[in-house]
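Chemist: Questions regarding the structure given below will be posed in turn.
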Amino acid sequence: MSGCHTVVSRMRTVKLTSVTAETSAVKSFVFNDELCSKAEPGQFVMVWIPGVDEVPMSLSMLNSRKGQAAVTVERVGEATEALHRMKTGDTVGVRGPFGNSYTVENARKVMIVGGGTGLASLAPLAEKLAKARTEIAFLLGAKTRSNLLFHARISDVLSRAGGQLVVTTEDGSFGLKGLVTASAERLLEQGEKVNMVYTCGPERMMQEMFLLAERFHVSFEASLERFMRCAIGLCGTCVIGRYRVCQDGPVFSGQQLREVKDEFGRWRRGFDGRKTKV
Amino acid sequence: MSSRLTVEIAGLRLSNPTMLAAGILGLSAVSLREAINQGAGAVVSKSVGLKPRSGYSNPAVAQVEGCGLLNAMGLPNSGAGHFAEEIYELKRDGLRAPVIASVFGFTAEEFAEASRILAKAGADAIELNVSCPHVKKTGSEIGQSPRLVSEVVRKAKCAIANPVFIKLTPNVTDIVEVAEAAVEAGADAIVAINTARAMAIDIETAYPILANRIGGLSGPALKPIAVRCVYEIYEAVDVPVIGCGGIATWQDAVEFMLAGASAVQIGTAIASQGLGVFRSVSKGVDTYVREKGFRSVKEIVGLSHRR
């Protein structure tokens, strides 16, 4: 529990150096920031859209050589709509990077399971693992073909590293038809030997993957999302059990999730502290 | 921890004089229990009103270089009815430290009703928040008037048998006058102080950083102001004073106790030190008390008032 590093948690304004449409509802926003560019996969930032809101977002691209980082954002509400209207050269504020990161030490052969914008933190993870010559089975899920996020980027990483990519869409418009968790289950049942499963995406999907990892006795890490305010471990908005997602997470191990299994995948607290279904 | 550190405040027994300040983490039973497990001598919940509130939009927190933190959460809480369940859950399995529920209301009657609900759920004491500096018609708008403070305390005292603490705002001309009004109306302890009204502006975009524009300043910049408030209040009233404002080390805690605080509340420092701050502060205070030749931490309370 290292707490807030004063330099990191100070808000900096940065100019967007590029804005890229990834799908019809998802855009990536690149900005220059030394601290963010040196972050580890899994860490997040608080992005301030001046005059509108401040929201937590995973870092989806880390380039320490260029001093650049990015966030990848789905248009879902007022804040993300305002961000989607922004163009290259516009100013946002960032605080962070905050939180822990995925554990990559001792990962020899891994399974990465991502759905929706969960790919934001998993893409830089795959890039880091590929550099360390880790063998990767990447399971990429989406509702439909046009929602597939980072398909080309992940294919590229895996083709260089020699990994396996399994794409699953719920409507079968691309790759296998069904839920990505079913594809994961099939691989594990076929005896795919992995020593780590990483996942990020809808919480019910992550909960399903947690149960699979428990069943097949595989180490497990999931990156959780909760409402956040302070991001420095004070306000208590993002707590799950005794953990603060902003400080003790956002990445949690299977062991930690076992401790909060009555809460994980079931409910979370709203901004008013009341429990709502996940 | 040694018995040297035991303190008593309005009948509550604390194993050490450190407390979790209101507004920090205290939304859930598990968070409050964790603070106790990590060494807090008592915990204060987040402020709870009668109805659920989502609070303000983000940014709700901004760091101010060299000073501390600005916040304008806007009193988010689940409402006394829901929060009563958290208190009940917390107290059900037994605890080694008292739980104080912080409450707020828009009228004296609301303060009293929220106090009644949470006392009934098991809170050992109530802390009246008449000092939140950024929500209209409550908090410091009440705490700036000795007459309103007196009314709020009186109604809360009528509603419950438990001790009633009151947390005061530094945003007044004379904090002693307010403390005296509270004690005269029956307050069992004074908590000094809540945050100071403050703001920060981003010079690149010209926007105030906090969504609410104005918030409250906590952390190191507040400490000398808080020490002065504790010192002045201690001289004027005969109930225990609890210090709050910028406490991050055992030296800070000792300074507050010498000024007259029977216990200290810690909040902002948790951002940099985690919940381990309670143990490190109480350990340091214990060593200080021993090395100075005192038998109990109680002997240093108000020591700086001798002339």
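Protein chains in written order, with our numbering: chain C, 891 to 1168; chain B, 3 to 309. Cβ atoms here follow ideal geometry from the backbone N, Cα and C, with glycine treated the same way.
Is any heavy atom of the ligand GTP found at a distance shorter than 8 Å from the C-beta of Gly1144/C?
Modeler: Here there are no bound small molecules, and the ligand GTP is not part of this structure.
Chemist: Output the boundary residues of the beta strand (DSSP E) element that contains Phe85/B.
Modeler: Locating residue 85/B in the second sequence gives position 83, counting from the first residue. Taken as a continuous stretch (DSSP letters only), Phe85/B belongs to no beta strand (DSSP E), being part of the alpha helix (DSSP H) at Ala82 to Arg94.
Chemist: Buried or exposed: Thr289/B, going by 16 or more other Cβ atoms within 10 Å of its Cβ?
Modeler: Reading the second sequence from its first residue, position 287 is the one you call residue 289/B. Classification of Thr289/B: exposed, given that the 10 Å Cβ count is below 16.
Chemist: Give the single residue among Asp1162/C, Arg1035/C and Glu944/C whose Cα lies nearest to the Cα of Gly983/C.
Modeler: For this step, residue 983/C is matched to residue 93 along the first sequence. Of the candidates Asp1162/C, Arg1035/C and Glu944/C, the one whose C-alpha sits nearest the C-alpha of Gly983/C is Glu944/C.
Chemist: Residues of chain B with CB closer than 8 Å to the CB of Val1129/C, please, in chain order.
Modeler: In the first sequence, counting from the first residue as 1, residue 1129/C sits at position 239. Simply Leu27, Leu29, Ser30, Val32 and Ser33.
Chemist: At which residue ranges does the segment 988-1012 of chain C contain complete beta strand (DSSP E) runs of 3 or more residues, listed in the order of the chain?
Modeler: List check, beta strand (DSSP E) in window: 999-1005.
Chemist: Taking beta-carbon pairs under 8 Å, can you tell me which members of the segment 197-208 of chain B lie near chain D?
Modeler: In the structure shown, chain D does not exist; the protein chains are C and B.
Chemist: Taking the beta strand (DSSP E) that Glu1183/C falls in, what are its first and last residues?
Modeler: No information on residue 1183/C is available, as it lies outside the stretch 891 to 1168 that chain C covers here.
Chemist: Does Gly57/B come within less than 9 Å of chain C when only Cβ atoms are used?
Modeler: Here residue 57/B refers to the residue found at position 55 when the second sequence is read from its first residue. Yes - at least one Cβ of chain C is within 9 Å of the one on Gly57/B.
Chemist: Is the number of C-beta pairs between the segment 145-156 of chain B and the segment 228-236 of chain B that are closer than 8 Å three or more?
Modeler: No: fewer than three Cβ pairs fall under 8 Å.
Chemist: Ile1002/C CB to nearest chain B CB: under 9 Å?
Modeler: Counting from one through the first sequence, the residue named residue 1002/C turns up at place 112. Closer than 9 Å: no.
Chemist: Return the CA-CA distance between Met1001/C and Ala273/B, expressed in angstroms with no decimal places.
Modeler: Looking up residue 1001/C in the first sequence gives position 111. Looking up residue 273/B in the second sequence gives position 271. C-alpha separation (whole angstroms): 34 Å.
Chemist: If you measure from the beta carbon of Arg1134/C to each beta carbon in chain B, is any gap under 9 Å?
Modeler: Here the question's residue 1134/C lines up with position 244 in the first sequence. Yes, because at least one Cβ of chain B sits closer than 9 Å to the Cβ of Arg1134/C.
Chemist: Please list, in chain order, the chain B residues whose beta carbon lies closer than 7 Å to that of Thr978/C.
Modeler: The residue given as residue 978/C occupies position 88 in the first sequence. Residues of chain B passing the Cβ test: none, with the nearest at roughly 17 Å.
Chemist: Rounded to the nearest angstrom, what separates Thr907/C and Met1118/C at their Cα positions?
Modeler: Looking up residue 907/C in the first sequence gives position 17. Looking up residue 1118/C in the first sequence gives position 228. Looking at the two C-alpha atoms, the distance is approximately 26 Å.
Chemist: Beta-carbon separation of Ser264/B and Ile244/B under 9 Å?
Modeler: Mapped onto the second sequence, residue 264/B falls at position 262. Mapped onto the second sequence, residue 244/B falls at position 242. Yes.
Chemist: Check each residue of the segment 261-292 of chain B: if its Cβ is closer than 8 Å to any Cβ of chain C, include it; give the result in chain order.
Modeler: From the segment 261-292 of chain B, only Gly269, Thr270, Ile272, Ala273, Ser274, Gln275, Gly276, Leu277 and Gly278 have a Cβ closer than 8 Å to chain C.
Chemist: Within 10 angstroms of its Cβ, does Gly57/B collect 16 or more other Cβ (buried), or is it exposed?
Modeler: The residue you call residue 57/B lines up with position 55 of the second sequence. With 16 or more other Cβ atoms within 10 Å, it is buried.
Chemist: Counting only runs of 4+ residues fully inside the segment 892-932 of chain C, write out the alpha helix (DSSP H) ranges in chain order.
Modeler: Here the runs fully enclosed are 896-899 and 924-927.
Chemist: Nearest chain B C-beta to Cys923/C closer than 9 Å, yes or no?
Modeler: In the first sequence, the residue the question calls residue 923/C occupies position 33. The displayed chain sequence assigns Asp, not Cys, to residue 923/C. With 9 Å as the cut-off, Asp923/C does not count as an interface residue toward chain B.
Chemist: Does any C-beta atom of chain B lie closer than 9 Å to the C-beta of Leu1147/C?
Modeler: Position 257 of the first sequence, counted from the first residue, corresponds to residue 1147/C. Not one chain B Cβ lies under 9 Å of Leu1147/C.
Chemist: Measuring straight from C-alpha to C-alpha, what distance separates Val178/B and Asn953/C?
Modeler: Position 176 of the second sequence holds residue 178/B. Position 63 of the first sequence holds residue 953/C. In a straight line, the C-alpha of Val178/B is about 56 Å away from that of Asn953/C.
Chemist: Any idea if Ser59/B is buried or exposed, counting beta-carbon neighbours within 10 angstroms, 16 or more meaning buried?
Modeler: The residue labelled residue 59/B in the question sits at position 57 within the second sequence. The residue is buried, with at least 16 neighbouring Cβ atoms inside 10 Å.
Chemist: Please check if any C-beta of chain C sits within less than 9 Å of the C-beta of Asn214/B.
Modeler: Here the question's residue 214/B lines up with position 212 in the second sequence. Not closer than 9 Å to any Cβ of chain C, the Cβ of Asn214/B fails to qualify, so no.
Chemist: Rounding to the nearest angstrom, what Cα-Cα distance links Glu154/B and Arg1132/C in this structure?
Modeler: Taking the first residue of the second sequence as position 1, residue 154/B is located at position 152. Taking the first residue of the first sequence as position 1, residue 1132/C is located at position 242. Sequence check: residue 154/B is Val here, not Glu. Spanning the two alpha carbons is a distance of roughly 34 Å.
Chemist: So what's Arg1159/C in DSSP terms, helix, strand or just coil?
Modeler: To locate residue 1159/C, count along the first sequence from 1; it is residue 269. Here Arg1159/C sits in strand by DSSP.
Chemist: So what's Pro1014/C in DSSP terms, helix, strand or just coil?
Modeler: Counted from its first residue, the first sequence places residue 1014/C at position 124. The answer is helix: DSSP assigns Pro1014/C an H, G or I state.
Chemist: Measure the C-alpha to C-alpha separation of Ala911/C and Met951/C and round it to an integer number of angstroms.
Modeler: For this step, residue 911/C is matched to residue 21 along the first sequence. For this step, residue 951/C is matched to residue 61 along the first sequence. Going from the Cα of Ala911/C to the Cα of Met951/C covers about 15 Å.
Chemist: How is the beta strand (DSSP E) around Ala125/B delimited, first residue to last?
Modeler: Start at 1 with the first residue of the second sequence, and residue 125/B comes out as number 123. It is not in any beta strand (DSSP E) - Ala125/B carries neither H nor E in the DSSP assignment.
Chemist: Quick check on Gln1146/C: does DSSP put it in helix, strand or coil?
Modeler: In the first sequence, residue 1146/C corresponds to position 256, counting from 1. Gln1146/C falls in the helix class under three-state DSSP.
Chemist: Measuring only between beta-carbons, confirm whether Glu944/C sits less than 9 Å from chain B.
Modeler: By 1-based counting over the first sequence, the position of residue 944/C is 54. Yes - at least one Cβ of chain B is within 9 Å of the one on Glu944/C.
Chemist: At least one CB of chain C closer than 9 Å to the CB of Val45/B: is that the case?
Modeler: For the purposes of this step, residue 45/B is taken as the residue at position 43 of the second sequence. False, the Cβ-Cβ gap to chain C never drops below 9 Å.
Chemist: Within 10 angstroms of its Cβ, does His136/B collect 16 or more other Cβ (buried), or is it exposed?
Modeler: Your numbering for residue 136/B matches position 134 in the second sequence. His136/B comes out buried.
Chemist: Which bits of chain C does Val63/B rub up against, with CB to CB less than 8 Å?
Modeler: Numbered from 1 along the second sequence, position 61 holds the residue referred to as residue 63/B. Per Cβ cutoff of 8 Å: Arg1119, Cys1120, Ala1121, Ile1122, Leu1124 and Cys1125.
Chemist: Run through DSSP, which three-state label would Met259/B get?
Modeler: For the purposes of this step, residue 259/B is taken as residue 257 along the second sequence, with counting starting at 1. In the structure shown, Met259/B sits in a helix (DSSP, three-state: H, G or I).
Chemist: For Pro226/B, count neighbouring C-beta atoms within 10 Å of its own C-beta (all shown protein chains included) and say buried if the count is 16 or more, exposed if not.
Modeler: As a working note, residue 226/B is residue 224 in the second sequence. Classification of Pro226/B: exposed, given that the 10 Å Cβ count is below 16.
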